[in-house]
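For the sequence shown, the positions run 140 to 261 when the numbering used here is used.
Note that CB positions come from ideal geometry on N, CA and C, so glycine has one too.
This one's a predicted model, so the numbers in the text were calculated from it and none came from an experiment.
See structure below.
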Amino acid sequence: MLITPAYAQAAGAGDTNSMLMSLLPFALIFVIMYFLILRPQQKKVRDHADLVKNIRRGDTVVTSGGLVGKVTKVVDDDQIEFEIADGVRVRQMRSMVSGVRAKGEPAKDSAKDSAKDDAASK
Numbered sequence: 140m141l142i143t144p145a146y147a148q149a150a151g152a153g154d155t156n157s158m159l160m161s162l163l164p165f166a167l168i169f170v171i172m173y174f175l176i177l178r179p180q181q182k183k184v185r186d187h188a189d190l191v192k193n194i195r196r197g198d199t200v201v202t203s204g205g206l207v208g209k210v211t212k213v214v215d216d217d218q219i220e221f222e223i224a225d226g227v228r229v230r231q232m233r234s235m236v237s238g239v240r241a242k243g244e245p246a247k248d249s250a251k252d253s254a255k256d257d258a259a260s261k
């Protein structure tokens, strides 16, 4: 005989334990990628969205282009207007703001302030 009996036997059924062990490294790589790459990136995006949402008049902002200026007006949900020099105002998309350097004082409502001053003086 040219073929030995060991080679002539049918291959055994695949062991599910060995299949699980071969997929385990891929699962571990995914878990490690999730905790080291995906979660911190999601947190960074969430923090930037909160930063952009909370911009108000008087804040000193830094844009992604490197401009630094003081917010003079919040135009709408997408745009702000800020002053980069005396008399030079620029409109910018909120999403292009990369940071807030100094929080300004909240905008005063003149009608409420005058009513409080009148009540306090009486």
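Taking its Cβ as the centre, do 16 or more other Cβ atoms sit within 10 Å of residue i, making it buried, or is it exposed?
i    : result
I168 : exposed
V191 : buried
F221 : buried
I219 : buried
A250 : With a pLDDT of 47 at A250, under the threshold of 50, the modelled position of that residue is not reliable, and the figure given next carries that caveat. Counting Cβ neighbours within 10 Å, A250 comes out exposed, since fewer than 16 surround it.
Helix, strand or coil for residue i per DSSP?
i    : result
V214 : coil
I219 : strand
K242 : coil
S161 : helix
V196 : Val is not the amino acid found at residue 196; the sequence shown has Arg there. Residue state, collapsed to three classes: coil.
S234 : helix
Taking Cβ positions, are residue i and residue j nearer each other than 8 Å?
i    : j    : result
V170 : I194 : no
R240 : T199 : yes
T211 : R196 : yes
G226 : V201 : no
D216 : M232 : no
Going by C-alpha distance, which of the options is nearest residue i?
i    : options          : result
G205 : Q180, I176, M235 : M235
K209 : M232, Q181, K242 : K242
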